[in-house]
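For reference, the structure discussed in these notes is given below.
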Amino acid sequence: MKIATWNVNSLSVRLPQVLDWLAAQAASGTGAMDVLALQELKMSDDKFPHAAFAEAGYQAQWFGQKTYNGVALISRSEGAAVVKNIPGFTDEMSRVIAATYPDGMGGTVRVIGAYFPNGQAPDSDKFVYKMRWLSALREWVHSEMAAHPQLVLTGDFNITFDDLDVWDPVGLKGTIHCTDEERAHLRGLIELGLTDSFRLFEQPEKSYSWWDYRDFGFRRNRGLRIDHVLVTSALKIRATACGVDKVPRKNERPSDHAPVVLTLS
DNA sequence: ATGACTAAACCTTTTAGA
1404 MKIATWNVNS
1414 LSVRLPQVLD
1424 WLAAQAASGT
1434 GAMDVLALQE
1444 LKMSDDKFPH
1454 AAFAEAGYQA
1464 QWFGQKTYNG
1474 VALISRSEGA
1484 AVVKNIPGFT
1494 DEMSRVIAAT
1504 YPDGMGGTVR
1514 VIGAYFPNGQ
1524 APDSDKFVYK
1534 MRWLSALREW
1544 VHSEMAAHPQ
1554 LVLTGDFNIT
1564 FDDLDVWDPV
1574 GLKGTIHCTD
1584 EERAHLRGLI
1594 ELGLTDSFRL
1604 FEQPEKSYSW
1614 WDYRDFGFRR
1624 NRGLRIDHVL
1634 VTSALKIRAT
1644 ACGVDKVPRK
1654 NERPSDHAPV
1664 VLTLS
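Note that the working numbering has the first sequence beginning at 1404, numbered continuously upward.
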């Protein structure tokens, strides 16, 4: 089973790349993508290209928003018990979508796809919102884990775990995505019993999932690892691989993020 | 350099991203 996350930075612009990537995955040795979490659709629900995904053989659940944010789950099986945004947390922004899928072994996997707030700057109102959002997320994920032993929390977290996730940890110390406060929240999610599946496996040095469009960020590998796939212990023992697929970042007109793929036995 | 790109919108300028 394969589960992935990809911040596409406008699905209108990136749809052909997403369809190409899904086809390439299906043709690869590891097999077709079972669930792909997308972030930053930047489109209202009525603009979501469900017919294009259906034609390619995929179901979709989506939670759009005009101009900003917007999340979706693209899957081969139909998602059940769909939840949009964090229950009980009033939010104008479309940032979370969750659904339950067959795990291929007679059980189910709960997948939560999320676009975490950016936070802009540590002294901004947006940072305050990010902290509030993170607290609400943790409480909800805690209850979701109780109901779903096999759970994946994935998406664009907009937080690095540590210096290993940062191209310039000295220069970027204390800046957005790298603050102690954000990292404490990320550790709070881990303390619920989740594991960063990426670090279960040997990785190339300086592995990142996002690179600034400016100043040849990708070419110089000036990036951050802010897109994550966290798994519960029941899935940790089934994880066989996790990695960043940098290939789509080399496309013409790429997203600034690359997909991260988790493979389960 | 409140810069550099990219995307969307009330679009030749602003807002946001990270």
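Cβ atoms here follow ideal geometry from the backbone N, Cα and C, with glycine treated the same way.
Mind checking whether residue i and residue j have CB atoms under 8 Å apart?
{"i": "E1443", "j": "V1411", "result": "yes"}
{"i": "G1473", "j": "M1436", "result": "no"}
{"i": "L1592", "j": "L1627", "result": "no"}
{"i": "P1525", "j": "I1579", "result": "yes"}
{"i": "R1625", "j": "W1570", "result": "yes"}
{"i": "V1499", "j": "A1483", "result": "no"}
{"i": "I1489", "j": "W1543", "result": "yes"}
Taking 6 Å as the limit between beta carbons, can you name the residues of its chain near residue i, skipping five residues before and five after?
{"i": "K1649", "result": "A1661"}
{"i": "W1465", "result": "F1451 and A1475"}
{"i": "R1417", "result": "V1411 and S1658"}
{"i": "K1529", "result": "G1522 and Q1523"}
{"i": "D1423", "result": "none"}
{"i": "K1469", "result": "S1447"}
Mapping DSSP to helix, strand and coil, what is residue i?
{"i": "S1658", "result": "coil"}
{"i": "I1475", "result": "Strictly speaking, residue 1475 in this sequence is Ala, with Ile absent from that position. Three-state result, A1475: strand."}
{"i": "W1424", "result": "helix"}
{"i": "R1513", "result": "strand"}
{"i": "A1644", "result": "strand"}
{"i": "H1453", "result": "helix"}
{"i": "D1448", "result": "helix"}
{"i": "K1405", "result": "strand"}
{"i": "V1411", "result": "coil"}
{"i": "L1597", "result": "coil"}
{"i": "L1575", "result": "coil"}
{"i": "D1630", "result": "strand"}
Mind checking which residues open and close the alpha helix (DSSP H) that includes residue i?
{"i": "V1544", "result": "D1528 to A1550"}
{"i": "L1603", "result": "No alpha helix (DSSP H) holds L1603; DSSP gives it neither H nor E."}
{"i": "L1638", "result": "S1636 to K1639"}
May I ask which residues mark the beginning and end of the beta strand (DSSP E) holding residue i?
{"i": "W1465", "result": "Q1462 to F1466"}
{"i": "K1505", "result": "The question names Lys, but residue 1505 is Pro in the sequence shown. Where P1505 is concerned, the enclosing beta strand (DSSP E) stretches over V1499 to P1505."}
{"i": "D1583", "result": "Where D1583 is concerned, there is no enclosing beta strand (DSSP E), although the alpha helix (DSSP H) it sits in stretches over D1583 to E1594."}
{"i": "K1487", "result": "A1483 to K1487"}
{"i": "Q1442", "result": "V1438 to Q1442"}
{"i": "G1558", "result": "L1554 to D1559"}
{"i": "L1667", "result": "V1663 to L1667"}
If I'm right that residue i touches residue j with Cβ under 8 Å, what's the distance once you round it to whole angstroms?
{"i": "G1358", "j": "S1497", "result": "Outside the modelled stretch of the chain, which goes from 1404 to 1668, sits residue 1358, for which no answer is possible."}
{"i": "K1405", "j": "G1434", "result": "6 Å"}
{"i": "T1557", "j": "A1440", "result": "5 Å"}
{"i": "S1612", "j": "V1663", "result": "6 Å"}
{"i": "N1477", "j": "F1456", "result": "Contrary to the premise, residue 1477 reads as Ile rather than Asn in this sequence. About 6 Å; that satisfies the 8 Å criterion."}
{"i": "R1513", "j": "E1547", "result": "6 Å"}
{"i": "V1647", "j": "S1610", "result": "6 Å"}
Quick one: residues in its chain with C-beta nearer than 8 Å to the C-beta of residue i, no 5 flanking neighbours on either side, listed in chain order?
{"i": "K1639", "result": "T1598, S1600 and L1603"}
{"i": "R1623", "result": "none"}
{"i": "R1586", "result": "I1562, T1563, F1564 and D1565"}
{"i": "L1425", "result": "A1435, M1436, L1439, A1459, Y1461 and I1477"}
Beta-carbon within less than 7 Å of residue i's beta-carbon, same chain only, minus the 5 sequence neighbours each way: which residues are those?
{"i": "A1637", "result": "P1552 and Q1553"}
{"i": "G1596", "result": "M1548, T1635 and S1636"}
{"i": "T1643", "result": "T1666, L1667 and S1668"}
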